[in-house]
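Below: one structure, written as structure tokens.
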Amino acid sequence: MTAPQEWFDDPKDAEADTPEAPQTRRQRLSLWLHDHIPAFIVTNLLLLLLVIFLWNRIVVVIPPGQAGVLFRLFSGTEVDHVYGEGLYLISPLNTMNPYETRKQVALHEFEVLTAKGLSVKLSLAIRYQPEVEMLGVLHQRIGPDYAQRVIIPQVESVMRKQLGQYVAEDIYTNKDGLLTRAILAALDEVGRNFIQVEDIIIRGIQLPDKLKTAIEDKLTQEEMLKSYEFRMETARKEAERLTIEAEGLKKHNAILAESLTDKVLQREQIQAMRDLAKSPNAKTLIMGGGGGHGAAGAAGDSKLMINVTP
638 MTAPQEWFDD
648 PKDAEADTPE
658 APQTRRQRLS
668 LWLHDHIPAF
678 IVTNLLLLLL
688 VIFLWNRIVV
698 VIPPGQAGVL
708 FRLFSGTEVD
718 HVYGEGLYLI
728 SPLNTMNPYE
738 TRKQVALHEF
748 EVLTAKGLSV
758 KLSLAIRYQP
768 EVEMLGVLHQ
778 RIGPDYAQRV
788 IIPQVESVMR
798 KQLGQYVAED
808 IYTNKDGLLT
818 RAILAALDEV
828 GRNFIQVEDI
838 IIRGIQLPDK
848 LKTAIEDKLT
858 QEEMLKSYEF
868 RMETARKEAE
878 RLTIEAEGLK
888 KHNAILAESL
898 TDKVLQREQI
908 QAMRDLAKSP
918 NAKTLIMGGG
928 GGHGAAGAAG
938 DSKLMINVTP
């Protein structure tokens, strides 16, 4: 039986003495959130701000025509793996280094001191691209600015060494293909640094004005001399042709004169008269006598004129 409640007992104390039912997991979580909601909001805001701040270091996009080399803070550069085009998620402690893999062009101008101490200015256009499979090693040993560190200095050095042995006129006229040899030597030298140099184009060669004028005058005179020699050779060949033609005509006439006897001429004359008599037009035929000697010959020299009307 329940003990009778005294007038001085508090009902709340009686309820407190009653044991509570156990709380569920959801209730405990709700109570915890209710007690820690300010700290929870501040923590999430800080995390959101941190993600926004480090977004470009976490989410990396490599666009078309490029490749990436990853540098890890605790292990260094990944030399054995190259990241192609696409989207990557990396640790904010690491760094993705993009490289252009398309063909690129570097323009460069420099001066070469020739064998006689004159200065020649060369303008070059260098087409190059990195070896994609060796990008990790290229990044580790040289770096992204490899064009300024390796390509241009080595090309300039080789060109100076090759062309410095010649005079300015030989360089300006590319005597015996010396510019081609210098370019091939530069291509071989640069290709040893994980880079493919496709071509080196000489855009221009600039000389001092007086030297340029003197060389151009000399070249003009040489061309004029060649033209004069060509005309002389042409005239000589024409003279030889006319001489050969005249000798051939002379021999022809000599052979023809030996074969033209009186009987042959008379026969040709008779044949000509026959052909003429067949013509439908009116004509007058004059027939000469034979070519005999003495009195008979004199009698044979009389001419006979005949009018023929159709």
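Each residue of the sequence shown is one higher than the last, beginning at 638 in my numbering. Idealized CB from N, CA, C, for every residue including glycine.
- Pro729 carries a coil assignment under DSSP once its states are collapsed to helix, strand and coil.
- Measuring C-alpha to C-alpha distances from Pro790 to each of Gly814, His776, Leu824, Arg818 identifies Leu824 as the nearest.
- In this structure, Met796 sits away from Ala762, with a CB-CB distance that is not shorter than 8 Å.
- With fewer than 16 other CB atoms across the displayed protein chains lying within 10 angstroms of its CB, Leu683 is exposed.
- Arg709 and Phe690 have their C-alpha atoms some 20 Å from each other.
- With 16 or more other Cβ atoms from the protein chains shown falling within 10 Å of its own Cβ, Gln799 counts as buried.
- The straight-line gap separating the alpha-carbon atoms of Leu730 and Leu744 is approximately 37 Å.
- Around the beta-carbon of Thr751, 16 or more other beta-carbon atoms lie within 10 Å, marking it buried.
- Looking at the DSSP output, Leu707 shares a beta bridge with Met733.
- Excluding five sequence positions before and after Ile808, the CB atoms of its chain that fall closer than 8 Å to its own CB belong to Val749, Thr751, Val757, Leu800, Leu815, Leu816, Ile842, given in chain order.
- In this structure, Pro735 and Ile699 form a Cβ contact; the two beta carbons are roughly 6 Å apart against a cut-off of 8 Å.
- In the three-state reduction of the DSSP assignment, Glu722 falls in the coil class.
- Spanning the alpha carbons of Leu886 and Asp854 requires a straight line of approximately 48 Å.
- The segment 849 to 869 makes no contact with the segment 774 to 787, as fewer than three CB pairs between them are under 8 Å.
- In the three-state reduction of the DSSP assignment, Gln802 falls in the coil class.
- Between the alpha carbons of Glu877 and Asp813 lies a gap of roughly 36 Å.
- Beta-bridge pairing by DSSP links Asp836 to Arg764.
- Look at Leu750 here: in three-state DSSP terms it is strand.
- A check of alpha carbon separations from Ile839 across Met733, Phe711, Lys915, Glu746 identifies Glu746 as the nearest.
- Going by DSSP, Val827 is part of no beta strand (DSSP E) but of the alpha helix (DSSP H) stretching over 815 to 827.
- Its chain contains Pro767, Tyr783, Phe831 as the residues whose beta carbon lies nearer than 7 Å to that of Leu775, once the 5 sequence neighbours on both sides are disregarded; these appear in chain order.
- In this structure, DSSP gives Leu856 a helical state, which the three-state scheme calls helix.
- Per DSSP, reduced to three states, the secondary structure at Ser712 is coil, with no helix or strand assignment.
- Within the DSSP secondary-structure output, Gly841 pairs in a beta bridge with Ser760.
- Annotation: Gly723 to Leu685 spans about 25 Å, alpha carbon to alpha carbon.
- One Cα belongs to Leu772, the other to Lys740, and the distance between them is close to 15 Å.
- Of the candidates Thr871, Leu848, Ile881, Leu848 places its Cα closest to the Cα of Gly754.
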